[in-house]
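Step one of this worksheet: look at the structure below.
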Amino acid sequence: MNVGFSTLEAWVRQLRRERQEITPSAAAPLTSEQQRIRELEKQVRRLEEQNTILKKATALLISDFLNSSR
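Just so you know, the numbering used here puts 121 at position 42 of the sequence shown, and the rest follows in order with no gaps.
Structure follows, in C-alpha cells:
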C-alpha cells in the first residue's frame with residue numbers, strides 16, 4: 080500500500096479523536112445546540128483532513144505525470 084506517513088498519521092489522529100468523542104463523559108448532558116456544534120466541528124475536522132489528503136494526492140499525481148512525460 081503506497082500511503083505516505085503523514086496520511087497514516089492523519090488517519091490515526093482522526094480515529095483517536097472519534098474514539099474520544101464516543102466515550103461517555105461525566106459532565107452534564109449536552110444541549111441540542113452543543114451537540115449540533117460538536118457534530119459540525121467533527122465534520123469540519125474530517126473535511127479539512129480529507130482536503131489535505133486530496134491536495135497531497137493531487138500534487139503527487141501531477142509530479143508523477145510531469146516526471147513520466149519527460
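In this text, a Cβ means the ideal position worked out from N, Cα and C, and glycines have one as well.
Source: prediction; values computed, not measured.
To the nearest angstrom, how far is it from the Cα of residue i to the Cα of residue j?
| i | j | result |
| --- | --- | --- |
| Ser-111 | Arg-95 | 24 Å |
| Arg-125 | Arg-149 | 37 Å |
| Asp-143 | Gln-114 | 43 Å |
| Ala-107 | Gln-93 | 25 Å |
| Ser-147 | Ile-141 | 10 Å |
| Lys-134 | Thr-86 | 11 Å |
| Leu-145 | Val-123 | 33 Å |
| Gln-129 | Leu-109 | 28 Å |
Using CA coordinates, which residue listed in the options is at the minimum distance from residue i?
| i | options | result |
| --- | --- | --- |
| Glu-127 | Ala-138, Gln-99, Trp-90 and Ser-142 | Trp-90 |
| Arg-98 | Lys-121, Thr-86, Leu-133 and Ile-141 | Lys-121 |
Mapping DSSP to helix, strand and coil, what is residue i?
| i | result |
| --- | --- |
| Val-91 | helix |
Starting from residue i, trace the alpha helix (DSSP H) both ways and give me its first and last residue.
| i | result |
| --- | --- |
| Leu-140 | 111-147 |
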